[in-house]
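First comes the structure, then the notes that go with it.
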Amino acid sequence: MALPVLSRRRLMLGAGAASAFAAMPAWAQGHSVHRQRGGAPIKAGFDEVGGPVIDLAVGHGPRVVQGRKGHGIAVNGSVPGPLVRLQEGQDVQLNVTNNLGQDTSIHWHGLLLPFHMDGVPGISFPGIRPGQTFTYEFPVRQAGTYWYHSHSGLQEQQGHYGPLIIDPAGDEPAEYDREYILLLSEFTPLSPHFIMDRLRKGEGYFNYQQTSWTDDYPLTAEERQMWGEMRMPATDIADVTGSTYTYLANGRGPKEGLEFLFRPGERIRLRIINGSAMTFFNIRIPGLPMTVIAADGQNVRPVEVDEFQIGTAETYDVIITPGTTDAYAIIAECMDRSGMALAMLASRPGARAPVPALRKPPLLDMGDMGMNHGDMGDEGAHGMAGMKMRDTLLLPPDVKIGPGIDMVSMAPVDKLGDPGLGLRDVDHRVLNYRMLSALEPNRDTRNPSRLLELHLTGNMERYMWSFDGRMYSAVSDVPIRFAWNERVRVKLVNNTMMAHPIHLHGMFFELVNGETSAHQPRKNVVIVQPGASAQFDITANEPGDWAFHCHLLYHMHGGMMQTVTVMGPGEGE
Amino acid sequence: MRALLSLTMMLAASQLAAQSHDDHQHQTSPEQHDPHAGHDMAEPAKPASPGPAMETPPPPAAGSGPPRAADAIWGAEAMRASRKELRRTHGDFPVFWFQGDRLEAQVREGADVYLWDIQGYYGGPTTRLWFKSEGEGTFGSAPEDAEVQALYAKAFAPFWDVQAGIRHDIAGPDTTHAVIGVQGLTPYMFEIDAALFLSHRGDLTARIEGEIDQRITQRLILQPRIEANLSAQDIAPLGIGAGLDQIEIGARLRYEIAREFAPYIGIEQSWRTGRSADFVRARGEDPSTTSFVVGLRFWF
Numbered sequence: 151m152a153l154p155v156l157s158r159r160r161l162m163l164g165a166g167a168a169s170a171f172a173a174m175p176a177w178a179q180g181h182s183v184h185r186q187r188g189g190a191p192i193k194a195g196f197d198e199v200g201g202p203v204i205d206l207a208v209g210h211g212p213r214v215v216q217g218r219k220g221h222g223i224a225v226n227g228s229v230p231g232p233l234v235r236l237q238e239g240q241d242v243q244l245n246v247t248n249n250l251g252q253d254t255s256i257h258w259h260g261l262l263l264p265f266h267m268d269g270v271p272g273i274s275f276p277g278i279r280p281g282q283t284f285t286y287e288f289p290v291r292q293a294g295t296y297w298y299h300s301h302s303g304l305q306e307q308q309g310h311y312g313p314l315i316i317d318p319a320g321d322e323p324a325e326y327d328r329e330y331i332l333l334l335s336e337f338t339p340l341s342p343h344f345i346m347d348r349l350r351k352g353e354g355y356f357n358y359q360q361t362s363w364t365d366d367y368p369l370t371a372e373e374r375q376m377w378g379e380m381r382m383p384a385t386d387i388a389d390v391t392g393s394t395y396t397y398l399a400n401g402r403g404p405k406e407g408l409e410f411l412f413r414p415g416e417r418i419r420l421r422i423i424n425g426s427a428m429t430f431f432n433i434r435i436p437g438l439p440m441t442v443i444a445a446d447g448q449n450v451r452p453v454e455v456d457e458f459q460i461g462t463a464e465t466y467d468v469i470i471t472p473g474t475t476d477a478y479a480i481i482a483e484c485m486d487r488s489g490m491a492l493a494m495l496a497s498r499p500g501a502r503a504p505v506p507a508l509r510k511p512p513l514l515d516m517g518d519m520g521m522n523h524g525d526m527g528d529e530g531a532h533g534m535a536g537m538k539m540r541d542t543l544l545l546p547p548d549v550k551i552g553p554g555i556d557m558v559s560m561a562p563v564d565k566l567g568d569p570g571l572g573l574r575d576v577d578h579r580v581l582n583y584r585m586l587s588a589l590e591p592n593r594d595t596r597n598p599s600r601l602l603e604l605h606l607t608g609n610m611e612r613y614m615w616s617f618d619g620r621m622y623s624a625v626s627d628v629p630i631r632f633a634w635n636e637r638v639r640v641k642l643v644n645n646t647m648m649a650h651p652i653h654l655h656g657m658f659f660e661l662v663n664g665e666t667s668a669h670q671p672r673k674n675v676v677i678v679q680p681g682a683s684a685q686f687d688i689t690a691n692e693p694g695d696w697a698f699h700c701h702l703l704y705h706m707h708g709g710m711m712q713t714v715t716v717m718g719p720g721e722g723e
Numbered sequence: 027m028r029a030l031l032s033l034t035m036m037l038a039a040s041q042l043a044a045q046s047h048d049d050h051q052h053q054t055s056p057e058q059h060d061p062h063a064g065h066d067m068a069e070p071a072k073p074a075s076p077g078p079a080m081e082t083p084p085p086p087a088a089g090s091g092p093p094r095a096a097d098a099i100w101g102a103e104a105m106r107a108s109r110k111e112l113r114r115t116h117g118d119f120p121v122f123w124f125q126g127d128r129l130e131a132q133v134r135e136g137a138d139v140y141l142w143d144i145q146g147y148y149g150g151p152t153t154r155l156w157f158k159s160e161g162e163g164t165f166g167s168a169p170e171d172a173e174v175q176a177l178y179a180k181a182f183a184p185f186w187d188v189q190a191g192i193r194h195d196i197a198g199p200d201t202t203h204a205v206i207g208v209q210g211l212t213p214y215m216f217e218i219d220a221a222l223f224l225s226h227r228g229d230l231t232a233r234i235e236g237e238i239d240q241r242i243t244q245r246l247i248l249q250p251r252i253e254a255n256l257s258a259q260d261i262a263p264l265g266i267g268a269g270l271d272q273i274e275i276g277a278r279l280r281y282e283i284a285r286e287f288a289p290y291i292g293i294e295q296s297w298r299t300g301r302s303a304d305f306v307r308a309r310g311e312d313p314s315t316t317s318f319v320v321g322l323r324f325w326f
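Those sequence lines, one after another, are chains A and B. At position 438 of the first sequence (counting the first as 1) the number is 588 in this note's numbering, and the numbers step up by one without a gap. At position 138 of the second sequence (counting the first as 1) the number is 164 in this note's numbering, and the numbers step up by one without a gap.
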């Protein structure tokens with residue numbers, strides 16, 4: 151049964167020995183090369199590791215991307231870290247050695263496993279001390295495209311992440327001839343602690359696309375005045391931007407020529423992972439439609455699109471069939487359009503397709519402030535003037551009202567059908583969550599027995615982020631609690647003007663997107679659009695304590711995180 | 027076995043093709059866009075699967091108390107440090123900020139003047155210890171006017187802190203003041219710093235400063251600034267008259283080489299008014315002063 155899978159993998163590593171992999175000299179997998187402080191220079195791109203026992207070493211060293219120098223943290227000496235390739239149904243043992251001078255950890259993003267193997271210091275385990283080797287052991291209960299990353303400090307920004315692919319025990323539902331992994335991330339020469347510091351101190355520190363007297367944004371004087379009145383920038387699309395980031399495709403900058411080889415007519419599965427710390431990417435391949443077959447590792451009914459947005463920490467698998475054109479450009483434009491990651495599909499080494507220029511930066515609009523009254527369409531800025539931007543009476547009593555909340559959405563509506571900022575007015579087919587439908591039916595289709603409403607709250611000036619007005623530091627001992635096997639509908643209401651990719655560890659939830667409960671798509675990250683709401687159903691059947699947070703790294707550290715406690719069978723009664 | 031396998035794969039493939047076709051049809055249907063309404067979504071809302079619409083508390087079976095599942099596996103002692111670290115670094119952690127808002131030379135008729143106006147804080151997002159200092163003097167001589175402040179600040183609104191503490195004047199007559207003030211951001215993005223000062227002699231004064239950043243380009247920023255000093259009484263030894271004592275209006279044009287480092291040029295007009303103007307004239311000076319300024323704004 152596993153034969154077809156294996157042959158596909160050979161294809162990938164053999165015929166698919168594109169520069170991405172060929173450029174990597176084979177080096178001892180899993181052996182630590184970073185015992186000394188400073189370590190060897192960190193390589194771009196990744197090797198593959200697999201089998202029942204896998205050794206991983208976390209080290210640090212100098213890193214250079216397009217001539218920009220920085221200091222990085224790497225797993226097995228490369229960024230991204232090695233591809234961890236597993237087989238559904240196997241047991242795996244992962245020995246992680248910490249060669250850093252500080253604690254580290256690996257969180258297996260999207261994996262179903264015992265909570266104490268989830269890798270979040272302070273919630274699931276104590277962390278991995280310098281010099282220590284920690285052994286993760288768990289049965290592999292699923293298949294699909296996932297990834298792993300540090301959950302310690304801000305190490306993820308420094309390069310501590312890698313792809314994780316699980317081949318199914320049975321057949322792949324989709325047919326394809328070859329596969330490639332495209333892991334998107336960012337490089338910055340800045341220390342992540344410096345970035346956090348600047349976000350707390352200087353609002354808009356990294357934004358060089360702000361409104362000014364000389365900009366060419368399509369804003370009327372009235373609209374500009376209104377944004378000023380609200381003390382909110384319409385240009386607040388991304389907190390950290392291309393002003394410091396070089397966007398990476400498999401660890402390579404756009405000028406470093408990541409290349410995936412193809413033969414015309416071949417069906418290629420692209421496993422796309424957003425392993426960035428702070429970036430939403432809009433992905434398109436001009437001239438080539440993409441058929442989405444999986445989201446966050448879980449198969450969905452195939453749906454063909456021309457572009458889609460991938461939030462931080464999401465994964466999408468797409469099938470593409472390149473034609474006779476010499477080359478195709480895979481464009482991953484960051485949401486605020488201050489830069490892009492780039493990979494080339496090439497019919498022969500060195501073939502290049504033209505790369506379109508970055509599109510104009512998008513702007514937030516009234517809907518992003520939670521103004522979704524149907525009759526507001528033509529009122530323009532006039533309609534705004536008398537509106538209350540922070541009517542705390544609209545919040546339920548369990549939300550803590552205080553300086554940590556600078557805005558309350560007036561009429562937050564479900565926007566799972568929103569393709570995302572910058573993609574609302576493009577003239578081709580764009581994916582949105584309402585187009586996702588689980589391929590294999592969900593096991594639990596009970597109606598949820600209760601609703602849990604959580605408000606995403608924040609203050610941009612102070613860079614405070616929270617659930618229900620309380621930062622993690624205030625609720626570290628107050629978990630969100632679920633009874634064993636309880637079926638709960640969770641409603642997330644975004645009272646901020648930023649899109650938040652909300653991630654739950656250890657369990658899949660099913661987006662309430664209009665599908666029947668059997669086919670609501672399973673995900674572990676949901677983007678909640680600015681000023682909007684999103685709902686998911688969850689069956690709380692993975693006992694233990696789990697992290698639940700915004701996957702924008704600096705939002706999580708800014709406080710938007712809480713522990714979810716799921717009781718075990720027979721507990722709590 | 028093999029035949030069965032290929033059959034299922036063929037079925038799956040045909041299903042894939044059919045699906046893809048269906049969705050394609052669905053997606054290419056014309057869409058209504060209303061770019062002003064903020065609800066211009068590509069997909070119309072479909073009815074949600076059945077579920078409760080009102081929030082209700084968790085059942086007793088959800089348990090209570092802090093999350094301690096990991097303690098049962100690794101031990102409470104082993105978990106303690108990481109729990110503390112997680113709490114310490116996710117939300118309410120302190121930062122140190124230091125700003126030289128105005129470090130400048132004022133070129134004016136007569137003697138040119140140097141001036142500093144610095145501030146900073148240490149603390150979390152809602153509770154901070156502030157310090158402020160400003161002063162000025164003629165080049166080549168000691169400051170004629172200088173003060174330092176130490177304040178405790180607490181956020182009371184999203185954009186506003188209340189500040190309380192002491193101010194000490196380190197030039198001129200030795201004076202200590204109690205300070206209460208507010209600092210924050212008004213609608214239309216005016217940065218305001220307003221404070222009342224009660225000196226140990228019982229004199230009550232006040233100061234209001236307002237600044238606004240006007241971006242001309244992403245790095246060239248014009249900053250109009252206004253400052254007013256008020257007094258509740260005459261303070262003859264300091265040459266201050268009751269009422270509006272002094273008002274300054276200026277504009278500074280800075281270029282942000284980096285966000286943290288911006289040289290500027292500007293112009294400032296200052297008037298002593300009312301009784302204060304009389305004190306100034308009595309000293310044979312002009313109550314109205316126009317200065318060209320050149321300086322540096324920085325922070326870290």
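The beta-carbon is built from N, C-alpha and C at its ideal position, and this holds for glycine as well. All figures in this text were calculated on a predicted structure; none of them were measured in a lab.
Query, Result
"Which residue or residues does DSSP assign as beta-bridge partners of residue 325/B?", "125/B"
"Give the straight-line distance between the Cα atoms of residue 178/B and residue 120/B, rounded to the nearest whole angstrom.", "14 angstroms"
"Does any residue of chain B bring its CB to less than 8 angstroms from the CB of residue 366/A?", "no"
"For residue 708/A and residue 548/A, I'd like the C-alpha separation in whole angstroms.", "20 angstroms"
"Mind listing which residues of the stretch 76 to 96 of chain B have their C-beta closer than 9 angstroms to chain A's C-betas, in chain order?", "76, 77, 78, 79, 80, 81, 82, 83, 84, 85, 86, 87, 88, 89, 90, 91, 92, 93, 94, 95, 96"
"Does the stretch 655 to 671 of chain A come close enough to the stretch 108 to 117 of chain B that 3 or more CB-CB pairs lie under 8 angstroms?", "no"
"How far does the beta strand (DSSP E) with residue 115/B in it reach, from first residue to last?", "Where residue 115/B is concerned, there is no enclosing beta strand (DSSP E), although the alpha helix (DSSP H) it sits in stretches over 102 to 115."
"Mapping the DSSP letters down to three states, classify residue 289/A as helix, strand or coil.", "strand"
"Output, in chain order, the set of chain A residues within a Cβ distance shorter than 7 angstroms of residue 334/B.", "For chain B, the structure presents residues 27 to 326; residue 334/B sits outside this window and is missing."
"For residue 683/A, report the span of its beta strand (DSSP E) as first-last.", "683 to 690"
"Just to confirm my understanding: we take residue 697/A, look at its own chain, exclude 5 residues before and 5 after, and list those with CB closer than 6 angstroms. What are they?", "270, 273, 655"
"For residue 420/A, does the three-state DSSP call read helix, strand or coil?", "strand"
"Are residue 162/B and residue 129/B closer than 8 angstroms when you measure CB to CB?", "no"
"State yes or no: is the C-beta of residue 558/A within less than 8 angstroms of the C-beta of residue 544/A?", "yes"
"Under the three-state reduction of DSSP, which class applies to residue 51/B: helix, strand or coil?", "In this prediction, residue 51/B scores a pLDDT of 38, lower than 50, which makes its location untrustworthy; the coordinate-derived value is nonetheless stated afterwards. Here residue 51/B sits in helix by DSSP."
"Give the DSSP-derived three-state secondary structure of residue 655/A in the structure shown.", "coil"
"Taking only three categories from DSSP, how would you classify residue 562/A?", "coil"
"Have a look at the DSSP bridge pairing and note the partners of residue 189/B.", "179/B, 207/B"
"Do we get a CB-CB distance below 8 angstroms when we pair residue 287/B with the residues of chain A?", "no"
"If you measure from the beta carbon of residue 632/A to each beta carbon in chain B, is any gap under 8 angstroms?", "yes"
"Among the residues of its own chain, which have a CB less than 6 angstroms from the CB of residue 554/A, if the five just before and after it don't count?", "609, 614, 616, 619"
"The beta strand (DSSP E) with residue 304/B in it runs from where to where?", "Unbroken run through residue 304/B is the alpha helix (DSSP H), 300 to 308; no beta strand (DSSP E)."
"Measure the C-alpha to C-alpha separation of residue 384/A and residue 212/B and round it to an integer number of angstroms.", "17 angstroms"
"Chain B beta carbons: is any one of them nearer than 8 angstroms to that of residue 602/A?", "yes"
"If you pair each beta-carbon of the stretch 296 to 316 of chain A with each one of the stretch 340 to 354 of chain A, do three or more pairs fall below 8 angstroms?", "yes"
"What does a CB cutoff of less than 7 angstroms around residue 169/B pick up in its chain, not counting 5 residues either side in sequence?", "161, 162, 163, 197"
"Counting only beta-carbon atoms, is residue 218/B nearer than 8 angstroms to chain A?", "no"
"How do the stretch 641 to 655 of chain A and the stretch 697 to 706 of chain A stand: do at least 3 beta-carbon pairs fall below 8 angstroms, yes or no?", "yes"
"Per DSSP, which residues does residue 201/B bridge with? Please list them.", "195/B"
"For the putative contact between residue 294/B and residue 132/B, defined by C-beta atoms under 8 angstroms, what is the C-beta separation to the nearest angstrom?", "7 angstroms"
"Name the DSSP beta bridge partners of residue 231/B, please?", "223/B, 257/B"
"Where does residue 457/A fall in DSSP's three states?", "strand"
"Measuring alpha carbon to alpha carbon, tell me which of 232/A, 202/A, 551/A ends up nearest residue 288/A.", "202/A"
"Among 458/A, 456/A, 516/A, which residue has its Cα nearest to the Cα of residue 538/A?", "516/A"
"Counting only the same chain and skipping the five closest in sequence on each side, list residues whose C-beta sits under 6 angstroms from that of residue 118/A.", "Not covered by the structure: residue 118/A. The range shown for chain A is 151 to 723."
"Taking C-beta to C-beta, are residue 450/A and residue 587/A nearer than 8 angstroms?", "yes"
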